[in-house]
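Visitor: Submitted below is the structure of interest, expressed as structure tokens.
Next up, the structure:
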């Protein structure tokens, strides 16, 4: 079952602009992850944020987590054409090893 | 980094035939692998959890007799789509967890294969 709801479903911006994607979830979690998927490819792990963390950075990526609102955001700064991909949030499912993915945001960076 | 491969990357088969997809962890051992299905422009849906040396655990609504999973070694899991039909056409992705990783964050992280595009005609 899908736990994560992401918005927007699709986002198109100009190269150099910042892109923000949001994810909401329903149950209590101990961590949340973000993945990227290029068209027709597998997923690449971007970042994991734990429930006791509010913000985490990795290069041009900034992830926030608000456990009171059950939501997370992924910000990509100074976007590049190569950032064009789908981005998914993922939370632990029933059973510690499972991941439940959000619907994803399709990000298009226009040169 | 941990690498997971899938073979084949693309396969076209006729309706009624069976197709086997392999998922391998190349540089680590994986006691647990996961099989997902993804329809165009949609998210990944977990089909089953594959455990080395034991039966797979299927998600609700997934037919275990149609999607046969075998995890015979710590580096290989296979998914066989039996008696495939056009509605089985999809992108199948596997992932694996590294059983020996000592890095805390990777306890939760799954390493994904590049996916297999199945088209049933």
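Residue numbers (the working numbering), protein chains in the order written: chain A, 1 to 111; chain B, 1001 to 1121.
A virtual CB, placed ideally from N, CA and C, is assigned to each residue, including glycine.
Can you check DSSP and say which residues form a bridge with residue 1006 of chain B?
Guide: Sequence index remark: in the second chain, residue 1006 of chain B carries index 6 (1-based). Note: residue 1006 of chain B sits in a beta bridge opposite B:1023.
Visitor: Tell me whether the region 48-60 of chain A and the region 1074-1086 of chain B touch, counting them as touching only if at least three CB pairs, one residue from each stretch, are closer than 8 Å.
Guide: Because the criterion of three Cβ pairs below 8 Å is not met, the region 48-60 of chain A and the region 1074-1086 of chain B do not touch.
Visitor: Kindly give me the distance between the Cβ atoms of residue 62 of chain A and residue 86 of chain A, rounded to whole angstroms, as I take these residues to be in contact under 8 Å.
Guide: Translated into the one-based positions of the first chain, residue 62 of chain A becomes position 62. Translated into the one-based positions of the first chain, residue 86 of chain A becomes position 86. So it is not a contact: roughly 19 Å between Cβ atoms.
Visitor: Using a Cβ cut-off of 7 Å, pull out every chain A residue sitting near residue 1043 of chain B, in sequence order please.
Guide: Your numbering for residue 1043 of chain B matches position 43 in the second chain. By Cβ distance, chain A contributes 2, 88, 101, 102, 103 and 104.
Visitor: Does DSSP classify residue 1086 of chain B as helix, strand or coil?
Guide: Counted from its first residue, the second chain places residue 1086 of chain B at position 86. Three-state result, residue 1086 of chain B: helix.
Visitor: Kindly say whether residue 1105 of chain B, judged by its beta-carbon, lies nearer than 9 Å to any beta-carbon of chain A.
Guide: By 1-based counting over the second chain, the position of residue 1105 of chain B is 105. Only weak support is given to the placement of residue 1105 of chain B: the predicted model assigns it a pLDDT of 46, under 50, and the value that follows is read from those uncertain coordinates. Chain A contact via Cβ: present.
Visitor: Cβ closer than 7 Å: which chain A residues qualify as neighbours of residue 1110 of chain B?
Guide: Counting from one through the second chain, the residue named residue 1110 of chain B turns up at place 110. In chain order: 99.
Visitor: Going by DSSP, which residues form a beta bridge with residue 62 of chain A?
Guide: Residue numbering aside, residue 62 of chain A sits at position 62 when the first chain is read from its first letter. DSSP lists A:57 and A:75 as partners of residue 62 of chain A.
Visitor: Could you work out which residues of chain B lie near residue 62 of chain A, taking near to mean beta carbons separated by less than 8 Å?
Guide: On the first chain, residue 62 of chain A is found 62 positions in, with the first residue counted as 1. Those within 8 Å of residue 62 of chain A in chain B number zero; the least Cβ separation is about 17 Å.
Visitor: Note down the Cα distance separating residue 1070 of chain B from residue 30 of chain A, rounded to an integer number of angstroms.
Guide: Here residue 1070 of chain B corresponds to residue number 70 of the second chain, with the count starting at 1. Here residue 30 of chain A corresponds to residue number 30 of the first chain, with the count starting at 1. When rounded, the distance between both Cα atoms is 31 Å.
Visitor: Just the chain A side, please: which residues come within less than 7 Å of residue 1114 of chain B by C-beta, in chain order?
Guide: Here residue 1114 of chain B corresponds to residue number 114 of the second chain, with the count starting at 1. Neighbours of residue 1114 of chain B on chain A, chain order: 41 and 42.
Visitor: At a cut of 8 Å, does the region 1084-1092 of chain B reach the region 12-26 of chain A through at least three beta carbon pairs?
Guide: With the cut-off at 8 Å, the region 1084-1092 of chain B and the region 12-26 of chain A do not touch.
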